[in-house]
Amino acid sequence: GENVEQHPSTLSVQEGDSAVIKCTYSDSASNYFPWYKQELGKGPQLIIDIRSNVGEKKDQRIAVTLNKTAKHFSLHITETQPEDSAVYFCAASPGGSYIPTFGRGTSLIVHP
Amino acid sequence: EADIYQTPRYLVIGTGKKITLECSQTMGHDKMYWYQQDPGMELHLIHYSYGVNSTEKGDLSSESTVSRIRTEHFPLTLESARPSHTSQYLCASSDTSGSPIEQFFGPGTRLTVL
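Chains A and B, in that order, are what the protein sequence lines are.
Be aware that the first sequence starts at 21, since it is given in this note's numbering, and climbs by one per residue.
Be aware that the second sequence starts at 1087, since it is given in this note's numbering, and climbs by one per residue.
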């Protein structure tokens, strides 16, 4: 089955800095890669996703890149703000599967 | 407003009690899921359903059971709660018509078994 590794487990940055979270996956059949943000006391919420036919996708301050050959994908947050502090999960889904495999999560702390 | 709801949000009970965690969604999604989230943040899939009268066990062995009698409702039951069941339980749903497979999560139920 699919295996997703996520690093780092904790990331501490100063407000205004950039943050990068990296994930690797094992199943070359995976073709959908969502990123979820979980704020304290809430369930995870999708913030951006990318499909395997695209190398990069941006939405304002967040971007995701995908390298299919190396089987890794990354989340980039620029100009971080305190409200970006949360736990971030990456996931991978093989085509035809409705069950994503999640990474272990990254706790991002943005210091004012 | 279309959403996914979980009740109760917090529950503290004694060992041996039977409990049911409720999950309902108003989005008409066919697929629903239960995850157990440990203090280290990791999400573990414990049950899922592809539609009415369909239930499957997930990757993490769980002593809980689920039912799916109605599309919008996916309750999780523990027949006899134990301290090892103390955890955060997250319900999610997804719609498989159209674009994939975004999961919508409820706010979670934090369960403490004394």
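Glycine included, C-beta positions come from ideal geometry on N, C-alpha and C.
Exposure label - residue i; buried when at least 16 CB within 10 Å
i       : result
G1114/B : exposed
D69/A   : buried
L95/A   : buried
K57/A   : buried
S46/A   : exposed
P1169/B : exposed
T1163/B : exposed
S1135/B : buried
G116/A  : exposed
P120/A  : buried
S50/A   : buried
G1102/B : exposed
R125/A  : Here residue 125/A is Gly; the residue named in the question, Arg, does not match the sequence. G125/A should be labelled buried.
Inter-residue spacing [alpha-carbon to alpha-carbon] between residue i and residue j
i       : j       : result
M1127/B : L60/A   : 11 angstroms
L1197/B : V84/A   : 34 angstroms
T1182/B : L1146/B : 23 angstroms
V1199/B : S1140/B : 29 angstroms
Q1111/B : H1130/B : 21 angstroms
P1094/B : D104/A  : 27 angstroms
R1154/B : G1194/B : 19 angstroms
S1179/B : P28/A   : 28 angstroms
K77/A   : P54/A   : 11 angstroms
P114/A  : G21/A   : 10 angstroms
T1106/B : I1132/B : 15 angstroms
S1150/B : V1098/B : 17 angstroms
Q65/A   : V107/A  : 10 angstroms
F109/A  : S127/A  : 9 angstroms
D79/A   : I67/A   : 9 angstroms
I41/A   : Q26/A   : 7 angstroms
G1192/B : S1166/B : 24 angstroms
I129/A  : C43/A   : 18 angstroms
I1187/B : V24/A   : 17 angstroms
T30/A   : R81/A   : 20 angstroms
S1148/B : F93/A   : 31 angstroms
First and last residue of the uninterrupted beta strand (DSSP E) at residue i
i       : result
P114/A  : A106 to P114
S32/A   : T30 to Q34
G1137/B : L1129 to G1137
S1180/B : S1173 to S1180
Q118/A  : Sequence inspection shows Tyr at residue 118/A; the Gln mentioned does not correspond to that position. Per DSSP, Y118/A belongs to no beta strand (DSSP E) and is neither H nor E.
E59/A   : From DSSP, E59/A is part of no beta strand (DSSP E); its letter is neither H nor E.
S1183/B : Segment: none, S1183/B is in no beta strand (DSSP E) and carries neither H nor E.
R1154/B : It is not in any beta strand (DSSP E) - R1154/B carries neither H nor E in the DSSP assignment.
A90/A   : Segment: none, A90/A is in no beta strand (DSSP E) and carries neither H nor E.
K1143/B : S1140 to K1143
D1163/B : Note on residue identity: the sequence assigns Thr, not Asp, to residue 1163/B. From DSSP, the beta strand (DSSP E) with T1163/B extends over L1162 to L1164.
Residue closest to residue i, alpha-carbon to alpha-carbon, out of the options
i       : options                               : result
K62/A   : Y1136/B, S1180/B, Q1122/B and L1176/B : L1176/B
G1137/B : G1102/B, V1152/B, M1118/B and S1150/B : M1118/B
A112/A  : Q34/A, L31/A, I129/A and K91/A        : K91/A
N73/A   : L66/A, G123/A and K88/A               : K88/A
T1172/B : I1090/B, C1109/B, Y1091/B and Q1122/B : Q1122/B
I97/A   : E35/A, A39/A and E25/A                : A39/A
H131/A  : S48/A, T100/A and Q26/A               : T100/A
G75/A   : Y52/A, I67/A and G123/A               : Y52/A
P1125/B : A1167/B, Q1174/B and K1104/B          : Q1174/B
E1142/B : W1120/B, H1159/B and T1157/B          : W1120/B
C-beta neighbour in chain C for residue i, strict 7 angstroms
i      : result
Y118/A : In summary, chain C is missing from the structure at hand, where the protein chains are A and B.
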